[in-house]
Amino acid sequence: MHAIVLPKPGPEPEALQYREIPDPVAGPEELLVRVRAAALNRADLMQRRGGYPQPGPKPEHEILGLEFAGEVIAVGAATEGFAPGDRVMGLLAGGGYAEKVAIHHRLAMHVPANLSWVEAGATPEVYITAHDALVQGGLVAGERVLVHAVGSGVGVAAIQVAKVMGASLVIGTAGSDEKLARAAEIGLDIGVNYRESDFAAAVATETGGRGVDVILDVVGGEYLERNLKALAPKGRMTFVGLMGGAVTQVNLGLILAKRLQLRGTVLRARPLEEKAYAVRAFEKSVLPHIASGRVKVVVDSVFPLARAADAHRHLEANANFGKVVLEC
Ligand SMILES: NC(=O)c1ccc[n+]([C@@H]2O[C@H](COP(=O)([O-])OP(=O)(O)OC[C@H]3O[C@@H](n4cnc5c(N)ncnc54)[C@H](OP(=O)(O)O)[C@@H]3O)[C@@H](O)[C@H]2O)c1
């Protein structure tokens, strides 16, 4: 098969190379799938640079790619619920940027009929991350939510998942008015351009001084102090990314006084059981809304597999609204 391999990590997208390598071998609990589309994630940029290696033993060919959609070619003897020819999508620890992939059957899902290959390939990682983070944040109907980087793959998913979970108000930040306008089309109630305004002040204005109940944060250090100010009493925040740095200094008094809860989360490094649980929770609570068209999978751009380096350049320039996808 053809795949994009990473022979040696590097700062330039050209570290990614289009090569012919042996097909993956699927184990008894795995499905062998012919990949039609695989999407990029921010973590892929870190992995390309060598800062986020795939967990487990180093594979002979390192292939990036945390999610994909395609057709089942063969099913292992110990798999359940899938047959050759099925349209599937799923979560991977790596291997998506390739014409074929092996996936544990418990991390795979059937693709709803209304999704194209490209849309399906862009769904699992960010929708499961956003849903899981909002569930961990204890979001219940009627609460107010703040989502950072609403133009990111995770942000686009989080706005819509928060609405499906019954959020009464979704406030979001982004670095351009254009991204905020597009986010409004998929349900964002209040957009804050972080280059022009202080989001904590905007949250105070929009919530009558009370703050938001839940924050889904992907920025980390740079935003922590303002996030603590933006949270309502007994507010909860889930960190899913640290794009603005991992180290900061903060006044812990706000956490005590407002009785706040802060937690971090990752998806890729979790044990199979926990990942499978997150997949099933998404399948039950969010996928029906994607299948009905209420929740949209937003695709920013599509590149042929062989042009993965260009796709990385696009993501790295923060030029995307929604997902950047590789088509096989
Ligand atoms: N924990 C997990 O399991 C998990 C899973 C998936 C993703 N993630 C994390 O979620 C985050 C988003 O990932 P993604 O793949 O959805 O991202 P993405 O599609 O690549 O979008 C990232 C966007 O974030 C904004 N941004 C970049 N640096 C920023 C900064 N320092 N401060 C504020 N905004 C910044 C940019 O938009 P603007 O134009 O608005 O600046 C950029 O376009 C990443 O941190 C990623 O590692 C975590």
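All you need for this note's numbering is the position in the sequence shown, starting with 1, plus 2. We treat Cβ as the ideally placed atom computed from N, Cα and C, and that holds for glycine.
Please find out if some non-hydrogen atom of ligand 1 comes closer than 7 Å to the beta-carbon of residue i.
i: residue 250; result: no
i: residue 129; result: no
i: residue 18; result: no
i: residue 243; result: yes
i: residue 265; result: no
i: residue 149; result: no
i: residue 261; result: no
i: residue 178; result: yes
i: residue 297; result: no
i: residue 279; result: no
i: residue 224; result: yes
i: residue 181; result: yes
i: residue 184; result: no
i: residue 196; result: yes
i: residue 229; result: no
i: residue 118; result: no
i: residue 93; result: no
i: residue 199; result: no
i: residue 246; result: yes
i: residue 1; result: Missing from the structure shown is residue 1; the chain here goes from 3 to 330 and no further.
i: residue 45; result: yes
Taking Cβ positions, are residue i and residue j nearer each other than 8 Å?
i: residue 323; j: residue 299; result: no
i: residue 50; j: residue 17; result: yes
i: residue 76; j: residue 90; result: no
i: residue 219; j: residue 195; result: no
i: residue 136; j: residue 167; result: yes
i: residue 310; j: residue 99; result: yes
i: residue 164; j: residue 147; result: yes
i: residue 65; j: residue 97; result: yes
i: residue 108; j: residue 274; result: yes
i: residue 138; j: residue 250; result: no
i: residue 115; j: residue 70; result: no
i: residue 20; j: residue 308; result: yes
i: residue 104; j: residue 7; result: no
i: residue 271; j: residue 57; result: yes
What first and last residue would you give for the beta strand (DSSP E) that runs through residue i?
i: residue 195; result: 192-195
i: residue 318; result: No beta strand (DSSP E) contains residue 318, which is instead part of the alpha helix (DSSP H) from 310-318.
i: residue 88; result: Here residue 88 belongs to no beta strand (DSSP E), and DSSP marks it neither H nor E.
i: residue 69; result: 69-77
i: residue 326; result: 325-329
i: residue 165; result: Note, residue 165: premise wrong, no beta strand (DSSP E); alpha helix (DSSP H) at 155-166.
i: residue 175; result: 171-176
i: residue 32; result: 32-41
i: residue 103; result: 102-106
i: residue 266; result: 263-266
To the nearest angstrom, report how far apart residue i and residue j are at their CA atoms.
i: residue 286; j: residue 130; result: 11 Å
i: residue 188; j: residue 63; result: 39 Å
i: residue 133; j: residue 276; result: 14 Å
i: residue 244; j: residue 174; result: 17 Å
i: residue 261; j: residue 156; result: 27 Å
i: residue 336; j: residue 30; result: Any question about residue 336 goes unanswered here, given that the chain covers just 3 to 330.
i: residue 42; j: residue 33; result: 21 Å
i: residue 94; j: residue 200; result: 37 Å
i: residue 72; j: residue 328; result: 12 Å
i: residue 246; j: residue 222; result: 6 Å
i: residue 15; j: residue 46; result: 11 Å
Output the boundary residues of the alpha helix (DSSP H) element that contains residue i.
i: residue 49; result: 44-51
i: residue 279; result: 274-287
i: residue 2; result: Limits of the chain in this structure are 3 at one end and 330 at the other, which puts residue 2 out of reach.
i: residue 126; result: 126-138
i: residue 260; result: 255-260
i: residue 228; result: 226-232
i: residue 204; result: 201-208
i: residue 22; result: Residue 22 -> not in any alpha helix (DSSP H); beta strand (DSSP E) instead, spanning 19-22.
i: residue 80; result: Taken as a continuous stretch (DSSP letters only), residue 80 belongs to no alpha helix (DSSP H), as it is neither H nor E.
i: residue 321; result: Neither: residue 321 is in no alpha helix (DSSP H) and is coded neither H nor E.
| query | Looking at C-beta atoms only, is the number of pairs between the stretch 142-154 and the stretch 251-270 that lie closer than 8 Å three or more? | reply | no
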